[in-house]
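Numbering (our numbering), first residue to last: 48 to 203.
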Amino acid sequence: MIAVRGLQKSFGTARVLRGIDLDIADGEVVALIGRSGCGKTTLLRCINFLEEYDTGEIRLDGEELWYRTTPDAARRRVSEAEARRMRQQMGIVFQQYNLFPHMTVLDNVLLGPRFAQRVSVAEAEALGRRLLARVGLEAKMSGYPAQLSGGQQQRV
Numbered sequence: 048m049i050a051v052r053g054l055q056k057s058f059g060t061a062r063v064l065r066g067i068d069l070d071i072a073d074g075e076v077v078a079l080i081g082r083s084g085c086g087k088t089t090l091l092r093c094i095n096f097l098e099e100y101d102t103g104e105i106r107l108d109g110e111e112l113w114y115r116t117t118p119d120a121a122r123r124r125v126s127e128a129e130a131r132r133m134r135q136q137m138g139i140v141f142q143q144y145n146l147f148p149h150m151t152v153l154d155n156v157l158l159g160p161r162f163a164q165r166v167s168v169a170e171a172e173a174l175g176r177r178l179l180a181r182v183g184l185e186a187k188m189s190g191y192p193a194q195l196s197g198g199q200q201q202r203v
C-alpha cells in the first residue's frame, strides 16, 4: 500500500501540490484526472522520487521512505535501491510516450528490465520479445518509435 500524507510541492512561488493525502491499496488501479497544470504529473513524480517535494510523507507498506523530522530539518532521501524497489511495484502510463527515438522498439522495452529490475541482457531480451508479441508488436521490434502509430507507441 502507498500512503501519501500532506504532500506539498512548489515551483518558485507557484504551489502545485497543497497537502495531498492519498491511499492506494496493493493491486488497486488509480487514474489521476484533472486540467492541464493541476499537478497530476508532479504528484506521480514525487511518489516515484523523481521530483523532490517540500513537505509531507510517502509510505510504502507502512515504511516511511522520505521524510522531514521538522519543517526546516534536512531530508533523508531513500537509497536508490529503495526507490527502485518501489518503482518496480508501480506502473505509470504517461500522455507522452517517453520513448527514445534513436533506439529500436525492442531496445526501448529492454530499458525497464535492464536498469530498474537489474535483469540480464538475455533475460530482458526474451521478456521484451514476449511482451511485444503479447501486444501485437513483434513485427515492429526492430523499427523505431517514429515508425509507430500513437497507439503502438503507447503499447511500447
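We put the CB at the ideal spot given by N, CA and C, even for glycine.
Distance, E110 Cα to N145 Cα: Cα to Cα, the separation comes out at about 30 Å.
Cβ-Cβ separation, L107 to M133 (assumed contact under 8 Å), whole Å: Cβ atoms of M133 and L107 come within 8 Å of each other, at about 5 Å.
Looking at the secondary structure, which residues open and close the alpha helix (DSSP H) in which D154 lies? For D154, the enclosing alpha helix (DSSP H) covers residues V152 to L158.
With a threshold of 6 Å on Cβ separation, who are the neighbours of Q194 within its own chain once the five nearest residues in sequence on each side are excluded? Within the same chain, Q194 has no close Cβ partners at all.
Would you mind sorting A61 into buried or exposed? The rule is 16 or more other CB atoms within 10 Å of its CB. Classification of A61: exposed, given that the 10 Å Cβ count is below 16.
What residue range does the alpha helix (DSSP H) around V166 cover? Neither: V166 is in no alpha helix (DSSP H) and is coded neither H nor E.
Quick test of your reading: V77 and I71, contact by CB under 8 Å. State the CB separation rounded to the nearest angstrom. Their Cβ separation, rounded to whole angstroms, is 5 Å, which keeps V77 and I71 in contact under 8 Å.
Burial state of L112 (16 or more Cβ within 10 Å): Flag for L112 reads buried.
Please go through the same chain and pick out, in chain order, the residues whose beta-carbon is closer than 6 Å to the beta-carbon of L79, but skip the five residues on each side of it. The answer, listed in chain order, is K87.
So which of I67, Q200, R65 and A169 has the shortest CA-CA distance to V182? Nearest option by C-alpha distance: Q200.
Count the other C-beta atoms from every protein chain shown that fall within 10 angstroms of the C-beta of V203, then say buried if there are 16 or more, exposed otherwise. Counting of Cβ neighbours within 10 angstroms places V203 among the buried residues, the total reaching 16 or more.
At which residues does the alpha helix (DSSP H) containing G81 begin and terminate? Taken as a continuous stretch (DSSP letters only), G81 belongs to no alpha helix (DSSP H), as it is neither H nor E.
Quick check on the DSSP output: the alpha helix (DSSP H) that includes G59 runs from which residue to which? For G59, no alpha helix (DSSP H) encloses it, and the DSSP letter there is neither H nor E.
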